[in-house]
Structure formats: C-alpha cells, structure tokens
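Going down the list, the protein sequences come from chains C and P.
Here the first sequence stands for residues 166 to 497, numbered as in our numbering.
Here the second sequence stands for residues 166 to 497, numbered as in our numbering.
For reference, the structure discussed in these notes is given below.
There are 2 protein chains.
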Amino acid sequence: MSVKIKDVASAAGVSVATVSRVLGNGPVSAELRARVERAVLDLGYRPNLSARRLRSQHSQTVGLVVSDIRNPFFTGVSRAVEDAAYQAGMRVILCNTDENPEKEAMYLRLMQEERVSGVIFSPTRETSQHFNVAGFDFPMVMIDRTGPAGQADAVLLDNRLASIQLVEHLLDRGYSRIGALFGNTSTTGSERNGGYEEALKLRGLPSGGRFVAPTAEAAELAVAQWLKEATPPDALLASNGLMLLGALRALRAAGVSIPARMGLAGFDNEIWTGLVGEGLTVIEQPVYQIGQIAMEMLLARLEDASLPIRRVVLNGRLIERGSTRGPSRSEH
Amino acid sequence: MSVKIKDVASAAGVSVATVSRVLGNGPVSAELRARVERAVLDLGYRPNLSARRLRSQHSQTVGLVVSDIRNPFFTGVSRAVEDAAYQAGMRVILCNTDENPEKEAMYLRLMQEERVSGVIFSPTRETSQHFNVAGFDFPMVMIDRTGPAGQADAVLLDNRLASIQLVEHLLDRGYSRIGALFGNTSTTGSERNGGYEEALKLRGLPSGGRFVAPTAEAAELAVAQWLKEATPPDALLASNGLMLLGALRALRAAGVSIPARMGLAGFDNEIWTGLVGEGLTVIEQPVYQIGQIAMEMLLARLEDASLPIRRVVLNGRLIERGSTRGPSRSEH
DNA sequence: GATTCAATTGAAATCGATTACATCACGGCT
DNA sequence: AGCCGTGATGTAATCGATTTCAATTGAATC
Chain C
166 MSVKIKDVAS
176 AAGVSVATVS
186 RVLGNGPVSA
196 ELRARVERAV
206 LDLGYRPNLS
216 ARRLRSQHSQ
226 TVGLVVSDIR
236 NPFFTGVSRA
246 VEDAAYQAGM
256 RVILCNTDEN
266 PEKEAMYLRL
276 MQEERVSGVI
286 FSPTRETSQH
296 FNVAGFDFPM
306 VMIDRTGPAG
316 QADAVLLDNR
326 LASIQLVEHL
336 LDRGYSRIGA
346 LFGNTSTTGS
356 ERNGGYEEAL
366 KLRGLPSGGR
376 FVAPTAEAAE
386 LAVAQWLKEA
396 TPPDALLASN
406 GLMLLGALRA
416 LRAAGVSIPA
426 RMGLAGFDNE
436 IWTGLVGEGL
446 TVIEQPVYQI
456 GQIAMEMLLA
466 RLEDASLPIR
476 RVVLNGRLIE
486 RGSTRGPSRS
496 EH
Chain P
166 MSVKIKDVAS
176 AAGVSVATVS
186 RVLGNGPVSA
196 ELRARVERAV
206 LDLGYRPNLS
216 ARRLRSQHSQ
226 TVGLVVSDIR
236 NPFFTGVSRA
246 VEDAAYQAGM
256 RVILCNTDEN
266 PEKEAMYLRL
276 MQEERVSGVI
286 FSPTRETSQH
296 FNVAGFDFPM
306 VMIDRTGPAG
316 QADAVLLDNR
326 LASIQLVEHL
336 LDRGYSRIGA
346 LFGNTSTTGS
356 ERNGGYEEAL
366 KLRGLPSGGR
376 FVAPTAEAAE
386 LAVAQWLKEA
396 TPPDALLASN
406 GLMLLGALRA
416 LRAAGVSIPA
426 RMGLAGFDNE
436 IWTGLVGEGL
446 TVIEQPVYQI
456 GQIAMEMLLA
466 RLEDASLPIR
476 RVVLNGRLIE
486 RGSTRGPSRS
496 EH
C-alpha cells in the first residue's frame with residue numbers, strides 16, 4: 166500500500182520514534198533530521214491522520230452543523246469558520262440538517278464518533294428546547310440561534326434590536342400597517358417577532374406577525390394570500406433572505422408597486438437585494454465575523470474549558486434602499 | 166475518557182469481537198446481539214471512527230476541492246455531493262482553494278493524509294496543466310473544469326455549445342459588436358471563448374474576448390474601461406455569475422441602458438438574474454446534477470477501478486430574459 | 001578522574017477498533 | 001459410534017502513528 170513511518174525510518178536508518186519526532190518538531194539532531202527529511206521527500210511519505218488521531222487522542226477537527234449551506238448566510242459563516250479553522254491547523258466537517266431534528270441528532274452522533282474537538286451549531290428551535298449540552302463530550306458554540314439558555318457559548322445577532330430598527334424605519338417613512346413574516350423553525354424568528362411587536366406597541370399600533378417555513382416558497386404563498394385579505398398591510402418585513410425573496414415574488418406577481426403601494430424590508434444583505442428595482446432595505450448581518458468569532462470562542466474554550474460561558478451579541482446594520490421610500494401620497 | 170468497545174464487551178459479558186460483529190452486522194446469535202445492543206445503549210457507546218478507519222483501511226470519506234464555496238455554483242454542487250455522499254455512508258471534506266495553486270497542492274496533500282477514498286476536484290488551469298493524476302493513490306473526478314486530458318473522469322458543461330447559443334441569441338436579437346469577459350484561471354474560460362469566437366467567425370464578425378480574474382470587481386473594472394474605448398460593444402457576455410454581476414454594476418454606474426444600448430447575457434442562473442431589471446439572459450447549468458453525477462462516478466470507480474475513464478458532458482439551458490431584447494432602433 | 005546532568009535516541013507500550021484464526025458445540029450422516 | 005461440517009464465539013494479531021521509559025553519549029562540575 167502506501168509508505169508508512171516504518172519505511173521512512175529504515176530508509177533513513179533511524180527508529181520510528183525519531184521520524185515521529187522530526188514530524189512533530191521534537192528534539193532531533195540536525196544530522197538525523199536532515200536524513201529523515203530527505204527520506205520523507207524521497208518516498209513521498211504522508212502521515213496517516215487516522216493513526217495519528219487515534220494515538221494522540223485529539224482530532225484537530227471541528228464540526229459545523231447548519232441547516233442548509235445554500236443559504237448565503239450560512240455559506241458566508243462557513244467560509245469564515247473554515248478559514249479560521251485551517252489557520253489554526255484544524256479541519257471542518259460540514260453538515261446540512263435541512264431544519265430536520267432527526268438529521269441534527271444523527272449528525273451530532275456522527276460528531277461524537279469522529280471525536281471532534283468541538284462543534285459550531287445552529288440548532289432548530291425544536292432541538293434547542295429539549296437538548297442538553299452536557300450529553301456531549303465536546304464543547305459547542307451556538308451561532309445565529311440560541312440554544313438552551315446559558316448552557317453554551319453563543320454568537321448571535323441582536324435580533325430584537327434589528328427588528329425594532331426596521332419597524333421604526335418603516336414607520337418613519339410613513340407606513341402604518343406593517344405586516345411581518347418570520348421563520349417557524351428557529352428561535353431567531355421569535356426574537357425578531359418580539360422586537361417587531363414591541364416597536365409597534367410603543368406607538369400603539371397593531372402587530373400581526375406570521376410564522377411560516379423559512380423558505381421562499383412558503384413566504385410567497387403567505388404573502389399572496391395576505392394580499393387577498395380585507396385590509397392587507399402597507400409594508401412587509403421578512404425575516405431572512407429567502408423569505409424576502411418570496412415576498413418580492415408575490416408582490417411582483419400581484420402587480421403591487423414597491424415602495425408606493427407596499428414597503429418591503431428584510432434581513433440579510435444578499436447580493437441581489439441591492440440590484441432589484443431601486444434596492445431593498447435590509448439589515449445586514451456581520452456574516453463573516455459571526456463565523457470568525459464562533460471559531461475563536463471555540464478555540465478559546467478548547468484551551469481552557471473552565472472559561473465562563475460567553476454570549477456575544479452583534480448588531481446588524483440597517484441599509485436603507487428604495488423599497489421603503491414611503492407610500493404614495495395619492496393613497497390617502 | 167469516553168466509553169470504548171472493551172467497556173461494552175464487559176458490560177454485556179461478551180468479547181470485543183462479538184461487539185464488533187454486532188456493530189458490523191456480522192453473525193451473532195439473537196441473544197448476544199440483544200445483550201450487546203442494550204449495553205451499547207446503556208453506556209452510550211459511540212465507535213471511534215479513527216480507530217475503525219485505521220484498522221479497516223478505508224476512510225469512507227471523499228474530498229471536495231473547489232475554489233470558493235461562496236460561489237453559488239459550487240455551493241449547489243457541494244450540496245449535491247454531500248447529499249449523495251451521506252446517502253452512500255460517506256463523509257465529505259470541503260476545501261476552498263481561492264484559485265490558488267499552492268492551496269490546491271496543500272489540500273491535495275491533506276487528502277492523502279486523510280486517506281480519502283476519492284476526490285472531486287475543480288482545478289485551476291495552472292494546476293490542471295502540469296499535474297499528474299497518477300501521483301495520487303485515490304481516484305479523482307474533475308468537475309466544471311477539465312483536468313489533464315483524459316487522465317480522469319470528469320463532469321463538464323458543454324461550454325463551447327453554451328457560448329455559441331449565447332452569441333447566436335445575441336446576434337438574432339440584432340446585436341452585432343459582441344464583447345465577452347472570461348475568467349483567466351480555468352479551462353472553462355478558454356472553452357467558452359472558443360465557442361464565442363467560432364460563432365462570430367461563422368458570421369464573419371470580429372471577436373474580442375477579454376480574460377480577467379473571475380471576480381465581480383475585476384469584471385466591473387474591465388467593463389468600465391471598455392466603455393471608454395472608441396467603439397465599445399453593443400452587447401456583453403460574461404462567463405460566470407460573479408462576472409455578470411460586475412458587468413451589470415459597471416453598466417449601471419455608467420448609465421448604459423439594458424437592453425437598448427447594451428445587451429447583457431452570461432452564465433449561471435443565480436437567483437438575482439431573474440429579478441434585476443427585466444431579467445438577465447443566462448445559460449443555466451444543471452448544478453445539482455453535476456454534483457450528483459460526479460459523486461456517482463466516483464462511487465462507481467471505487468467499486469471497480471478498472472472502469473474506462475468517462476467524461477460526462479451536460480448541456481446548459483438558455484433562459485431568455487429582458488436583457489437581450491435587442492438594441493433600440495434609434496441607435497442607427 | 002569520578003559524578004552529574006542534559007540531550008539524543010531507540011525499544012516497546014499504546015490508542016480503539018477490525019479481523020484472521022482457533023476453538024467449541026451441535027446436528028446430520030454413514 | 002465416529003466423523004465432519006457449520007455457525008457462534010473468543011483470543012490475539014494488526015492497522016500506523018505517538019509517547020513513555022530506559023539507555024547512551026558527551027560535556028560540565030567538583
């Protein structure tokens with residue numbers, strides 16, 4: 166088969182221990198080191214990571230468990246996590262759960278079998294409720310969505326604040342019947358709904374958030390139906406990039422003009438939000454930073470398990486664009 | 166530490182061999198099987214995959230080496246590969262090379278250390294020229310970009326044909342000075358340029374493709390400069406989603422109206438291409454299928470290494486949208 | 001010159017599983 | 001009754017590295 170440490174050792178005329186020390190920067194005389202390095206090159210030796218991990222008892226691997234890598238939010242996070250991980254000499258195992266609690270459980274089991282050093286996890290709401298971090302023998306960092314209260318490190322957006330900013334922006338621009346769509350699979354949705362209701366209550370206005378599956382299709386359907394009701398909203402807020410897309414499609418299909426007949430704003434500053442029509446107002450999340458910080462926190466905890474549990478809350482950034490320029494006067 | 170097979174064995178009152186057989190569906194009596202399964206559950210035993218891989222000499226892992234997972238093309242491919250892999254009981258290690266040949270070499274080395282079963286690879290042009298598949302002891306499947314001629318299985322788009330379709334479409338719609346931007350890091354760019362030149366030559370028209378880095382920024386800059394030249398094109402073709410985005414930005418910044426003053430078409434049917442203006446005409450690649458077929462080919466080769474080398478060429482699909490409706494008559 | 005100490009080196013144990021091989025019990029057959 | 005084949009089980013070797021521990025060397029100290 167392939168060349169092993171034994172082959173290198175005999176080629177260099179040294180013991181396997183010495184070869185191992187050369188590889189691991191242990192104490193070796195310059196002469197032997199040179200001989201070994203030459204042998205490694207000559208034979209094209211590559212250490213077997215399974216064997217190394219088995220013996221040394223650390224995997225140098227972290228798991229990243231998210232709902233769907235095709236969601237640009239997670240794509241960005243994943244890229245940041247991988248950059249940071251590989252820089253720290255670790256690998257990343259990526260898992261897509263499709264918001265399916267069974268897949269989540271399955272992948273967490275897999276992470277245990279891989280003996281990963283730690284996991285960065287974005288759990289579904291269902292999972293996060295009844296699951297116990299203590300059941301795993303690796304640390305976890307939650308991202309985007311909060312897990313069971315205070316059990317693990319977390320990197321989150323200030324969802325309440327972000328919603329409030331969006332709502333107040335819409336109100337400032339003259340919209341008054343503000344509807345909203347939130348995802349029904351994560352804690353993120355509830356938190357954003359909280360901010361949304363709070364901001365409206367403050368002004369004595371009625372709220373009416375609706376919870377649907379966090380997909381473009383579900384959002385499109387929901388908005389299409391909403392438009393048919395007696396008093397539809399005059400502005401809509403969508404809780405992630407996919408739902409914003411669905412809302413946009415429904416409004417276009419129904420011929421509702423933006424921003425005149427309907428204001429539209431949402432989360433996630435995806436490429437296209439700046440390009441469609443006169444641009445869509447959104448809350449931009451610090452995607453890359455979320456991944457980066459999550460990885461840093463995980464590494465810190467691996468260094469020192471006794472660290473107090475931390476929760477980093479980042480602010481989003483409101484990007485005002487044409488889709489919320491205000492309702493047409495003629496409407497009144 | 167964590168519970169090992171030995172613990173399970175003594176808890177169930179059997180030998181480790183029997184436990185291993187229960188796990189691997191070997192021949193075990195119903196009674197012992199039940200005892201072992203109970204012990205596994207009671208102790209929460211999870212087999213150590215490093216140990217298993219070391220002993221059994223197969224990793225059940227494939228590598229996926231692409232330039233950047235944030236490119237929606239690769240995101241889609243990756244999702245398909247992972248779905249297919251996990252269905253076949255394999256894991257995927259994802260690597261981003263950033264079109265950097267050194268990173269490519271580094272990650273291929275890593276793949277050897279992981280003793281992966283195989284690799285799905287989208288090489289830079291530079292790497293694909295001087296690299297030898299025989300140097301690796303795992304099979305590879307090339308995707309999107311062709312590797313060294315005929316050395317490995319590949320799943321590709323018919324780039325020549327796709328370019329021809331785009332050019333003929335533009336000509337049909339009345340454009341005549343067709344410019345094009347191709348990425349300078351992959352074989353894909355050259356192939357698309359080939360089709361582009363061929364289609365124009367057939368009609369006796371001049372061609373003038375330009376090669377730039379496959380990023381939005383590079384494309385934007387290139388188009389901005391192009392517009393300042395003596396006789397700018399009246400239609401542009403962009404070789405991937407990012408470059409199409411860059412071209413669009415440059416045209417908008419310069420106030421060039423689409424499709425009247427400039428036709429615009431490109432590759433990759435990304436979400437936003439259907440949403441901006443009256444839509445952008447694009448060639449849609451069968452992204453998910455590319456990943457799926459690549460994985461199938463890899464699995465087939467792992468089954469039988471003697472299989473003849475295959476190259477699957479898929480057709481793209483032309484999606485006609487508003488951005489190529491034709492130049493304004495008033496221009497003449 | 002003897003003793004101590006640090007720095008190299010190698011032999012062998014070890015990580016946690018799979019698997020080759022030996023053993024055993026049992027039933028069917030001549 | 002004796003023989004043999006079959007299926008279940010256990011013992012021990014093995015995968016390829018790291019790491020412990022002991023041995024060796026040579027320089028430094030008294």
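Glycine included, C-beta positions come from ideal geometry on N, C-alpha and C.
Own chain partners of residue i with C-beta closer than 8 Å, once the 5 adjacent residues on each side are dropped
i        : result
P:Ser180 : Ala174
P:Glu496 : Confidence at P:Glu496 is low in this model, with a pLDDT of 45, below 50, so its placement is unreliable and no value can be given for it.
C:Leu197 : Ala177, Val179, Thr183, Val187
P:Val193 : Thr183, Arg186, Val187, Val201
C:Gln277 : Phe301, Asp302, Phe303
C:Gln330 : Ile448, Gly481, Leu483
C:Ser372 : Ile343, Ala345, Tyr361, Glu362, Leu365, Lys366
P:Thr380 : Leu407, Met408, Gly411
7 Å Cβ shell around residue i - same chain, five flanking residues per side excluded
i        : result
P:Asn434 : Val447, Glu449, Ile484
C:Met427 : Asp399, Ala400, Leu401, Leu416, Val421
P:Ile458 : Val320, Val477
C:Arg475 : Asp318, Met462
P:Val377 : Leu346, Asn349, Ala383, Ala384, Ala387
P:Ala465 : Leu472
P:His223 : Ser282
C:Thr240 : Ile234
C:Gly491 : Arg338, Gly339, Pro424
Identified DSSP bridge partners for residue i
i        : result
C:Asn261 : C:Val231
C:Gly315 : DSSP lists no partner for C:Gly315.
P:Gly431 : P:Ala403, P:Val447
C:Arg256 : C:Thr226
P:Phe286 : P:Val230, P:Met307
P:Val320 : P:Ile308, P:Val477
Residue of the options minimising C-alpha distance to residue i
i        : options                                : result
P:Arg325 : P:Phe432, P:Gln294, P:Val306           : P:Phe432
C:Ala299 : C:Ala425, C:Asp318, C:Leu206, C:Thr289 : C:Asp318
P:Leu367 : P:Leu336, P:Ser355, P:Asn236, P:Gly374 : P:Leu336
C:Glu202 : C:Asp172, C:Arg218, C:Thr240, C:Gln225 : C:Asp172
C:Arg357 : C:Leu472, C:Leu413, C:Val332           : C:Val332
C:Ser488 : C:Ser471, C:Arg375, C:Tyr340, C:Ala378 : C:Tyr340
C:Gly369 : C:Arg342, C:Thr380, C:Ser351, C:Pro379 : C:Arg342
C:Ile170 : C:Phe301, C:Leu206, C:Thr380, C:Gly439 : C:Leu206
P:Ala245 : C:Ile308, C:Asp233, C:Leu440           : C:Asp233
P:His295 : P:Glu269, P:Pro304, P:Asp309, P:Met276 : P:Glu269
C:Thr353 : C:Phe301, C:Arg375, C:Ile329, C:Asp323 : C:Asp323
P:Phe303 : C:Ser328, C:Gln454, C:Ser167, C:Pro266 : C:Ser167
C:Ser404 : C:Tyr453, C:Pro473, C:Ala327, C:Ser471 : C:Ala327
P:Ile455 : P:Thr438, P:Asp309, P:Arg218           : P:Asp309
C:Ala419 : C:Ile436, C:Gly439, C:Pro397           : C:Pro397
C:Phe286 : C:Arg274, C:Met305, C:Leu275, C:Asn297 : C:Met305
C:Leu275 : P:Arg274, P:Glu267, P:Tyr251           : P:Tyr251
Cut-off 6 Å between Cβ atoms - residues of its own chain near residue i, not counting five sequence neighbours on either side
i        : result
P:Glu264 : Ser232, Thr289, Thr350
C:Ala249 : Gln457, Met460
P:Gly312 : Pro288, Ser293
Using 8 Å as the Cβ pair cut-off and three pairs as the minimum, do the region 281-296 of chain C and the region 191-210 of chain C touch?
-> The count of Cβ pairs closer than 8 Å, one atom from the region 281-296 of chain C and one from the region 191-210 of chain C, stays below three, leaving the stretches out of contact.
Any chance the region 382-392 of chain P sits against the region 357-366 of chain P, with 3 or more Cβ pairs inside 8 Å?
-> As far as the Cβ criterion goes, the region 382-392 of chain P does not touch the region 357-366 of chain P, which means the pair count is below three.
Please determine if the region 181-196 of chain C and the region 227-234 of chain C are in contact, where contact requires at least 3 C-beta pairs separated by less than 8 Å.
-> Flag = no, the region 181-196 of chain C and the region 227-234 of chain C do not touch.
The region 346-353 of chain P contacting the region 401-413 of chain P, beta-carbon criterion three pairs below 8 Å = Contact holds: three or more Cβ-Cβ distances are below 8 Å.
Along the chain, which unbroken stretches of the beta strand (DSSP E) at least 3 residues long are found entirely within the region 461-491 of chain P?
-> Counting whole runs of 3 or more residues, the region 461-491 of chain P contains the beta strand (DSSP E) stretches 476-479, 482-484.
Considering only residues of the region 340-384 of chain C, which uninterrupted alpha helix (DSSP H) runs meet the minimum length of 4 residues and lie entirely inside it, listed in chain order?
-> Segments of the alpha helix (DSSP H) lying fully in the region 340-384 of chain C: 352-367.
State whether the region 303-319 of chain C contacts the region 254-262 of chain C, with contact taken as three or more CB pairs (one from each stretch) at a distance under 8 Å.
-> Put simply, the region 303-319 of chain C does not touch the region 254-262 of chain C. Fewer than three CB pairs are less than 8 Å apart.
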